[in-house]
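Q:
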Amino acid sequence: MEFVPIVLSGLGTLLSIGVNLSPLPSLLKASKSKNLEEISHLYLILSNLIPLIWSLYGLKSKIWLIYIPAQLTFFTSLAWIAWYHIISKNSIIFMFWYLLSIFSSSIIFLNCLTANNLGLAAVIISFGGIFAPLQQVPYALLEMDHKYIDINIMVSCLFCGAVWLLYGYFINNRFIIIPNSVGIIFCLLQIGVYAWARGILPCPCLTRISKFLIAYYSYDKNIMI
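As numbered in my numbering, residues 29 to 253 make up the sequence shown, in order.
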């Protein structure tokens with residue numbers, strides 16, 4: 029059974045490429061429209077910081093099946109952040125300070141934290157990456173529009189998370205099992221909101237929440253007037 033983690037890591041790496049490429053359609057669309065409202069900047073940042081921390085954990089604990097895929101994901105997601113800021117026309121200043129911050133922090137973490145502490149940090153920041161796309165859900169509910177849910181990212185993360193969850197189970201690593209389990213649940217939640225907004229999945233509960241948000245913001249605007 030020793031070959032199973034190797035196979036799962038390889039499959040997880042391939043699926044990670046899919047996750048890495050999933051923001052591409054939204055960025056291409058934003059490049060043409062010069063409108064970034066459908067892209068979560070927080071998600072892009074966290075999707076870069078998460079593999080950075082995991083690669084530090086893999087390096088410190090000498091788990092190369094974690095380190096190599098994490099490095100691949102880190103550099104790809106870094107390109108998406110640069111692209112986002114090219115569109116927003118503040119790329120040079122932001123990227124300079126961002127790169128300076130993450131590389132100096134990496135050196136400090138590697139020298140000051142143990143492998144277990146890095147694993148714990150990876151779990152904590154992974155939760156941030158899980159919750160970050162949720163900031164788009166209220167807009168989808170308020171406008172009943174699926175455009176705010178990037179289905180490419182959600183589906184890619186769902187399958188990728190499932191494979192890495194199995195990998196964590198086989199090597200008995202709680203740092204991998206916990207965030208991927210939670211991530212799968214939240215991916216399913218957002219896929220459900222997307223399906224509801226497109227009219228594919230009837231959900232009275234989401235409809236009531238949407239009507240409440242619409243009524244609340246309409247009332248708030250009337251008060252402001």
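Don't be surprised by glycine CBs; every beta carbon is placed ideally from N, CA and C.
These numbers come from a predicted model, not from an experiment.
With DSSP collapsed to three states, give me the class of L141.
A: As a working mapping, residue 141 is identified with position 113 in the sequence shown. Correct three-state label for L141: coil.
Q: Does DSSP put I228 in a helix, a strand or coil?
A: Counting from one through the sequence shown, the residue named residue 228 turns up at place 200. Here I228 sits in coil by DSSP.
Q: How far does the alpha helix (DSSP H) with H69 in it reach, from first residue to last?
A: Along the sequence shown, one-based indexing puts residue 69 at 41. Counting along the chain, the alpha helix (DSSP H) containing H69 begins and ends at H69 to S89.
Q: Answer with buried or exposed for P230, where buried requires no fewer than 16 other C-beta atoms within 10 angstroms of its C-beta.
A: Indexing the sequence shown from 1 puts residue 230 at position 202. The residue in question, P230, is exposed, as its Cβ has fewer than 16 Cβ neighbours within 10 Å.
Q: Helix, strand or coil for L208? Go by DSSP, reduced to three states.
A: Within the sequence shown, numbered from 1, the residue matching residue 208 stands at position 180. The sequence as given places Asn at residue 208; Leu does not occur at that position. Helix.
Q: I need the DSSP call for P166, collapsed to helix, strand or coil.
A: Start at 1 with the first residue of the sequence shown, and residue 166 comes out as number 138. Three-state result, P166: helix.
Q: So, do the region 106-119 and the region 152-170 have three or more beta carbon pairs nearer to each other than 8 Å?
A: Contact between the region 106-119 and the region 152-170 is absent, because fewer than three Cβ pairs lie under 8 Å.
Q: So which of D178, A243, S209 and N76 has the shortest CA-CA distance to I220?
A: What you label residue 220 is simply residue 192 of the sequence shown in a count that begins at 1. Note that residue 220 is Gly in the sequence shown, not Ile. Among D178, A243, S209 and N76, the Cα nearest to that of G220 is on D178.
Q: Is it true that the region 195-203 meets the region 147-161, where meeting means three or more beta-carbon pairs spaced less than 8 Å apart?
A: Cβ pair count under 8 Å is three or more, so yes.
Q: Do L70 and Q163 have their C-beta atoms closer together than 8 Å?
A: The residue given as residue 70 occupies position 42 in the sequence shown. The residue given as residue 163 occupies position 135 in the sequence shown. Yes, Cβ-Cβ distance for L70 and Q163 is below 8 Å.
Q: Is there contact between the region 92-104 and the region 43-50, where contact requires at least three CB pairs shorter than 8 Å?
A: The region 92-104 is in contact with the region 43-50.
Q: Decide if L56 is buried, meaning its Cβ has at least 16 other Cβ atoms within 10 Å, or exposed.
A: By one-based count along the sequence shown, residue 56 stands at place 28. By the neighbour-count rule (16 or more Cβ atoms within 10 Å), L56 is not buried but exposed.
Q: How is M18 classed by DSSP in three states: helix, strand or coil?
A: Residue 18 lies beyond the range of the chain shown here (29 to 253); nothing can be said about it.
Q: Would you tell me roughly how many angstroms separate the C-alpha atoms of L216 and L186, rounded to the nearest one?
A: The count along the sequence shown starts at 1 and reaches residue 216 at position 188. The count along the sequence shown starts at 1 and reaches residue 186 at position 158. Each residue's alpha carbon lies about 7 Å from the other.
Q: Under a Cβ-count criterion, where at least 16 other Cβ atoms within 10 Å of its own Cβ denotes burial, should N48 be classed as buried or exposed?
A: By one-based count along the sequence shown, residue 48 stands at place 20. Buried, because 16 or more other Cβ atoms sit within 10 Å of the Cβ of N48.
Q: Verify whether the separation of the beta carbon atoms of L194 and L36 is less than 8 Å.
A: Working through the sequence shown from its first residue, we reach residue 194 at position 166. Working through the sequence shown from its first residue, we reach residue 36 at position 8. Yes, the Cβ-Cβ distance between L194 and L36 is below 8 Å.
Q: Quick one: is A58 buried, meaning 16 or more other Cβ sit within 10 Å of its Cβ, or exposed?
A: By 1-based counting over the sequence shown, the position of residue 58 is 30. Classification of A58: buried, given that the 10 Å Cβ count is 16 or more.
Q: Quick check on DSSP: helix, strand or coil for P17?
A: The question about residue 17 has no answer, for the chain in this structure spans 29 to 253.
Q: What span of residues does the alpha helix (DSSP H) with A190 cover, start to end?
A: Taking the first residue of the sequence shown as 1, we reach residue 190 at position 162. First-last of the alpha helix (DSSP H) with A190: I179 to F198.
Q: Where do the N-terminal and C-terminal ends of the alpha helix (DSSP H) with A160 fall, by residue?
A: Taking the first residue of the sequence shown as 1, we reach residue 160 at position 132. Element bounds for A160: n/a, residue is neither H nor E.
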